[in-house]
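Q:
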Amino acid sequence: MKKFLIEQKWVGVGFAIIASLLIAWISTSKTIGFVQAVSPYISEEAKNFLPLTFENGTITEPQNTIISKEYKFGDDESNVVKVVLNTEVEELTSDDIKDSGIYFSRKYMYAVTPQKTEIRDLSDIPNMTVDQEMFDSGMKWLESRVNGYLFVVIFVMMLAWIGLAVLIYAALSQLLIGKVVSSAFARTLRITTLGYLVLLIELGTGFGINILIKLVLLVLLNYYINKQFYPVEK
């Protein structure tokens, strides 16, 4: 078992791929369930803002209208998102977009969070009218397609995240134990990979492990395995 886990090439990569696939599958399943649950609510709320007509990068219908809705998420009173459609003006001022949410003027969309505000003009939107039927069709398409797309995105992101984290932890572990034990970096990388994957159990438990604590645990793991099984470099 020792030889297979620590000395066999690509074992760490294989386990990282399996872990990423598992996390992507669990995350996608939860997301699909959430999307299916909220889709009817979103479609119902969309009726307040539809139909919307876009012409030459401008909202032309409804005209001279202000529609504002607030949506609360969770029990935190401060966790409120606003959705505002204001076709009385071509653009909004900073006083109009103080709260987190999505805002539309005739020519711009504003995505506001406590950290930043992003502004996008509507010139890329083709001339069209978005009515309730089109919106509902879009929601059904999202429900049917999000599964595959989301799975791939989460898998790739997780694999990249694990790879980057393992490289950083392995480099630091090699640096810290290099003067105490003799260990090739390839071995340190495999040990760190397997140890880090075990620590990923925290994602399922909701118990976060501090980055510094992870580093200490991985350094100790590398030290123990090298002392126990590789007292002399081969």
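Take the sequence shown: its position 52, counting from 1, is numbered 1517 in the working numbering, and each next residue is one higher. We treat Cβ as the ideally placed atom computed from N, Cα and C, and that holds for glycine. Remember, predicted model here, so these are calculated numbers, not experimental data.
#1: Between the segment 1604-1618 and the segment 1581-1588, can you find at least three pairs of beta-carbon atoms closer than 8 Å?
#2: Taking the C-alpha atoms as reference points, what is the distance between E1583 and V1663?
#3: Among T1657, N1691, T1523, whose alpha-carbon lies nearest the alpha-carbon of V1681?
#4: Could you tell me which of Y1661, N1521, V1611, N1612 sits nearest to L1629, measuring between CA atoms?
#5: By Cβ distance, which residues of its chain are closer than 7 Å to V1684, with the 5 residues on each side in sequence left out?
#6: Considering only DSSP beta bridges, list what Y1573 is partnered with.
#7: Kindly examine the ligand MG and report whether one of its heavy atoms sits closer than 7 Å to the Cβ of N1675.
#8: Taking Cβ to Cβ, would you say V1548 is nearer than 8 Å to G1522?
#9: With DSSP as the reference, please indicate the residues paired to G1566 in a beta bridge.
#10: For F1569, which residues from the same chain have a beta carbon less than 6 Å from its beta carbon, with the 5 sequence-adjacent residues on both sides left out?
#11: Which residue marks the beginning of the beta strand (DSSP E) containing E1520, and which one marks its end?
#12: Using 10 angstroms around the beta-carbon of F1650, count the other beta-carbons present and answer buried if the total reaches 16, otherwise exposed.
#13: In this structure, how does DSSP classify S1647 when only helix, strand and coil are distinguished?
#14: Quick one: Cα of D1596 to Cα of N1513, how far?
#15: If R1571 and I1524 are in contact, beta carbons under 8 Å, what's the gap, nearest whole angstrom?
A: According to the structure shown:
#1: no
#2: By 1-based counting over the sequence shown, the position of residue 1583 is 118. By 1-based counting over the sequence shown, the position of residue 1663 is 198. Straight-line Cα distance between these residues: approximately 38 Å.
#3: Residue 1681 sits at position 216 when you count from the first residue of the sequence shown. Here the closest residue by C-alpha is T1657.
#4: As a working note, residue 1629 is residue 164 in the sequence shown. Among Y1661, N1521, V1611, N1612, the Cα nearest to that of L1629 is on Y1661.
#5: By 1-based counting over the sequence shown, the position of residue 1684 is 219. Contacts found: S1638, L1641, I1642.
#6: Your numbering for residue 1573 matches position 108 in the sequence shown. Note: Y1573 sits in a beta bridge opposite D1586.
#7: As presented, the structure is devoid of all ligands, the ligand MG included, so that no description of it is given.
#8: Counting from one through the sequence shown, the residue named residue 1548 turns up at place 83. Counting from one through the sequence shown, the residue named residue 1522 turns up at place 57. The answer is no: Cβ separation not under 8 Å.
#9: As a working note, residue 1566 is residue 101 in the sequence shown. In the DSSP output, where bridge partners are listed per residue, G1566 has K1547, V1577.
#10: Your numbering for residue 1569 matches position 104 in the sequence shown. Hits under 6 Å: L1550.
#11: Taking the sequence shown and counting its residues from 1, one reaches residue 1520 at position 55. From DSSP, the beta strand (DSSP E) with E1520 extends over 1517-1520.
#12: Counted from its first residue, the sequence shown places residue 1650 at position 185. F1650 is exposed by the Cβ-count criterion.
#13: Locating residue 1647 in the sequence shown gives position 182, counting from the first residue. It is coil, neither helix nor strand.
#14: For the purposes of this step, residue 1596 is identified with residue 131 of the sequence shown, where counting begins at 1. For the purposes of this step, residue 1513 is identified with residue 48 of the sequence shown, where counting begins at 1. Distance between the alpha carbons of D1596 and N1513 is about 11 Å.
#15: Sequence index remark: in the sequence shown, residue 1571 carries index 106 (1-based). Sequence index remark: in the sequence shown, residue 1524 carries index 59 (1-based). Between I1524 and R1571 the Cβ distance is about 5 Å, and since that is below 8 Å, they are a contact.
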